[in-house]
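Asker: First residue of the sequence shown? That's 52 in the working numbering, and the numbers climb one at a time after it. Glycine residues also receive a C-beta, built at the ideal position from the N, C-alpha and C atoms. No experiment lies behind these values; they were computed from the predicted model shown.
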Amino acid sequence: MAGYLSSLSFLDLAGRLPASVAQGLFWGIMTLGVYITFRILDIADLTVDETFATGGAVSAVLIMKGVNPWLAVLVALVAGLLSGGRFDLADGNSGQAESSPIG
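This is the structure:
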């Protein structure tokens, strides 16, 4: 344990801080999307979580297969849109809550 603690350095931490902040901002934005869906719109819908996972998986597989990363991101976007639409159509109410506070 002492060897591990002595290997830590403040400069190494400071060098990794921007990436950590960027990742935290990404997860914060995603969390706001889930919060808005559950609390404000009063719709129990996890489509946001599913579309992020689908898009990430499609993008990762395509990049590992040698596809251009920009093309992989576009294909992942389409895959996420299609999977979100699939859940919307399967729900049967086109994404409208029965008791929406918006109207």
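(1) Go ahead and pull the three-state DSSP assignment for residue 54.
(2) Are the beta-carbon atoms of residue 131 and residue 102 separated by less than 7 Å?
(3) Ordered along the chain, which non-local residues of its own chain (more than five positions away) have a Cβ less than 7 Å from that of residue 134?
(4) Suppose contacts are defined by Cβ-Cβ distances below 7 Å. Is residue 112 in contact with residue 127 by that definition?
(5) Could you compute how far the alpha carbon of residue 52 sits from the alpha carbon of residue 122?
(6) Tell me the rounded alpha-carbon separation between residue 62 and residue 119.
Answerer: The relevant details are as follows:
(1) helix
(2) yes
(3) 101, 102 and 105
(4) no
(5) 45 Å
(6) 34 Å
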